[in-house]
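Here my numbering is used: position 12 in the sequence shown is 13, and no number is missing along the way.
The C-beta atom is built at its ideal place from N, Cα and C for all residues, glycine as well.
Heads up: the structure comes next, in structure tokens.
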Amino acid sequence: FEIWVCADGYWCDHTKNLVLAHLREDYVRLEEELMAVYAEAIAFCERIRTLRPDVAFGADLIAGFPTETDAMFEATLDIVDACGLAYLHVFPFSARPGTPAAKMPQVRGPKVKERAATLRARGQAALAAHLGRQVGRTLDVLIERNGVGRTPDYAPVRFDGAAEVGAIVPMMIVAADAERLTARRAA
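Structure below.
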């Protein structure tokens with residue numbers, strides 16, 4: 002099990018690699034192992050939040066990986082909520098010829114698309130909620146270009162006026178939509 006953490010708390014979901022590592026194992030045992038990995042990820046996020054309550058986590062998630070059961074998919078939805086994942090990159094599984102995963106029992110195409118859409122919707126709602134919680138706070142914003150920057154947890158920020166690219170500027174978050182924050186320079 003691997004968790005990669007950057008300054009913004011981004012981590013990659015490598016639990017699907019567990020599936021590949023145990024191709025010949027009993028699927029019931031595999032599902033139990035996957036649930037144990039999810040419990041470890043949840044505990045990790047909880048530990049980090051005790052140290053830094055304002056951290057935002059993200060994950061790369063594959064929807065419809067071969068052998069993914071309904072219970073496994075529900076567990077993935079649960080981990081999005083339990084870990085408070087704000088940034089999701091969702092990819093529908095697509096078999097590559099000659100790979101071990103291509104030889105495994107496949108999840109049907111429409112179900113893969115449905116699961117990917119469900120995960121994306123969950124991610125969009127989580128991001129909107131995370132951004133909404135930032136309104137009224139003063140945050141340091143790294144200026145990427147005039148009118149555009151990022152908070153320490155990677156949230157995109159729009160603001161009026163000019164600022165030096167690369168500067169870190171305290172800004173009051175005055176609004177949020179589903180994708181970004183709106184700010185003004187803090188007094």
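Bridge partners for V149 per DSSP, in chain order?
As a first step, residue 149 must be located in the sequence shown, where it is residue number 148. Per DSSP, the beta bridge partners of V149 are R146 and R159.
For G197, name the three-state secondary structure that DSSP assigns.
The first residue shown for the chain is 2 and the last is 188, placing residue 197 beyond what the model contains.
Could you pull out every residue in the same chain whose Cβ sits closer than 6 Å to the Cβ of A87, ignoring the five residues on either side in sequence?
Numbered from 1 along the sequence shown, position 86 holds the residue referred to as residue 87. Same-chain partners within the cutoff: A57, A127, L128 and H131.
Using DSSP bridges, identify the partner residues of L62.
Against the sequence shown, residue 62 aligns to sequence position 61. Answer is V91.
Along the chain, where does the alpha helix (DSSP H) containing M73 start, and where does it finish?
Walking along the sequence shown from the start, residue 73 turns up at place 72. Per DSSP, M73 belongs to the alpha helix (DSSP H) from D71 to A83.
Using only CA atoms, which one of T70, Q107 and Q135 lies nearest to P155?
On the sequence shown, residue 155 is found 154 positions in, with the first residue counted as 1. First, the residue type needs correcting, since residue 155 is Tyr and not Pro in the sequence shown. Closest in C-alpha terms to Y155, from the list T70, Q107 and Q135, comes Q135.
How many whole angstroms separate the CB atoms of I174 and A184, which I take to be in contact at a CB cut-off of 8 Å?
Within the sequence shown, residue 174 is the residue found at index 173, counting from 1. Within the sequence shown, residue 184 is the residue found at index 183, counting from 1. Sure, about 5 Å apart at Cβ, within 8 Å.
Does the distance from the C-beta atom of F94 to that of I43 stay below 8 Å?
Counting from one through the sequence shown, the residue named residue 94 turns up at place 93. Counting from one through the sequence shown, the residue named residue 43 turns up at place 42. Cβ atoms of F94 and I43: not closer than 8 Å.
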